[in-house]
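Comments concern the structure below.
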Amino acid sequence: MRIDVLTLFPEMFDAPLSYSILKRAQEQDIVKIVLSNIRDFATDSYRKVDDKPYGGGPGMVMMPGPVFDCVEHVQAQTEEPGHVILLTPQGKPLTQHKVVELSQRPRLILIAGRYEGFDERIRTGLNAEAISIGDYVLSGGELAAMVLIDAVVRLMPGALGDEDSPADDSFSDGLLEYPQYTRPEVFRDMKVPDILLSGDHGKIAQWRKEQSIQRTKQWRPDVYETYLQSQPAQDKKKI
Ligand code: ADE
Numbered sequence: 377m378r379i380d381v382l383t384l385f386p387e388m389f390d391a392p393l394s395y396s397i398l399k400r401a402q403e404q405d406i407v408k409i410v411l412s413n414i415r416d417f418a419t420d421s422y423r424k425v426d427d428k429p430y431g432g433g434p435g436m437v438m439m440p441g442p443v444f445d446c447v448e449h450v451q452a453q454t455e456e457p458g459h460v461i462l463l464t465p466q467g468k469p470l471t472q473h474k475v476v477e478l479s480q481r482p483r484l485i486l487i488a489g490r491y492e493g494f495d496e497r498i499r500t501g502l503n504a505e506a507i508s509i510g511d512y513v514l515s516g517g518e519l520a521a522m523v524l525i526d527a528v529v530r531l532m533p534g535a536l537g538d539e540d541s542p543a544d545d546s547f548s549d550g551l552l553e554y555p556q557y558t559r560p561e562v563f564r565d566m567k568v569p570d571i572l573l574s575g576d577h578g579k580i581a582q583w584r585k586e587q588s589i590q591r592t593k594q595w596r597p598d599v600y601e602t603y604l605q606s607q608p609a610q611d612k613k614k615i
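Structure below.
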């Protein structure tokens, strides 16, 4: 997969892309991440990329010209035009379901904005999908782009080590993950549940499933409701 990131602050991506899974995935050519500076596509001598909103109001808006030119420049580098994504708090929420869908695409082009927002023609004219990472407002789309990249790349075949499986992740089966324990067996009077030391894999799997269900019900009733809807009728009665 190739991921292009269009931003005014490419240096912000240096650290997150230089460690752990994202670093290894790039070294192993599982993903190629290409950063472009939108300001390089400004056309005036001040390198201006934003302007006042038509109709008045506070703040500045990202101009369409430099963003379109930057997208077209990166698109011309390969045959695959890529799926264009705008990171914005107005977008559709990024869920694990969406992450799985994005991880199967050959190329993503992420546009991280600053200021009050994008000129609407960037979304419509580039046929971009608007995505939000949550109901809060960041000072720019860069951190949101990094979150999306991290969540997508770790799902790509070969990105995680052999022992780690994305199948056990929270949300992958519609539930939060069960509680985990490691050594020591007793820590400050808190003991690891006996069942996990029993060696009975069937019972352990059943306990984990129950824990997942209980924790989802308690902590994320919204996720639990969706899980319930997805269960066959006879299973719903048991929960
Ligand atoms: N830009 C600013 N806030 C954002 C958010 N919550 N998600 C995605 N992009 C953003």
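Under the numbering used here, think of the first position of the sequence shown as 377, with each following residue one higher. For every residue, glycine included, the Cβ atom is placed at its ideal position computed from N, Cα and C.
Item	Value
From this set, Pro-386, Met-388, Leu-398, Thr-383, which residue's C-alpha is nearest Ile-525's C-alpha?	Leu-398
Arg-499 lies in the alpha helix (DSSP H); which residues open and close that run?	496-501
With a threshold of 8 Å on Cβ separation, who are the neighbours of Ile-571 within its own chain once the five nearest residues in sequence on each side are excluded?	Lys-579, Ile-580, Trp-583
For Tyr-422 and Tyr-554, what's the separation of their Cα atoms in angstroms?	54 Å
How far does the alpha helix (DSSP H) with Gly-578 in it extend, from its first residue to its last?	577-595
When the Cα atoms are used, what is the spatial distance from Ala-527 to Asp-390?	17 Å
Which runs of the beta strand (DSSP E) fall wholly inside the region 456-487 and span at least 3 residues, in chain order?	459-469
What number of angstroms, rounded off, separates the C-alpha of Glu-618 from the C-alpha of Leu-514?	Because the chain is modelled from 377 through 615, residue 618 falls outside the range shown and cannot be assessed.
Is the distance from the Cβ of Ala-506 to the Cβ of Lys-468 below 9 Å?	yes
What does the Cβ neighbour count give for Leu-573, buried or exposed, with the cut at 16 atoms within 10 Å?	exposed
Can you give the Cα-Cα distance for Asp-426 and Val-447, rounded to whole angstroms?	16 Å
So Val-523 is in the alpha helix (DSSP H); what residue range does that whole segment cover?	518-529
Can you tell me where the beta strand (DSSP E) with Asp-380 in it begins and where it stops?	378-383
How many angstroms separate the CA atom of Arg-497 from the CA atom of Val-410?	24 Å
Only counting the same chain, and skipping five residues up and downstream in sequence, which positions put a Cβ closer than 7 Å to that of Val-568?	Tyr-557, Glu-561
Bridge partners for Ile-507 per DSSP, in chain order?	Lys-468
Count the other CB atoms, across all protein chains shown, that sit within 10 Å of the CB of Met-438; report buried if there are 16 or more and exposed otherwise.	buried
For Thr-592 and Val-599, I'd like the C-alpha separation in whole angstroms.	7 Å
Indicate, with yes or no, if the ligand ADE has a heavy atom lying under 8 Å from the CB of Tyr-512.	yes
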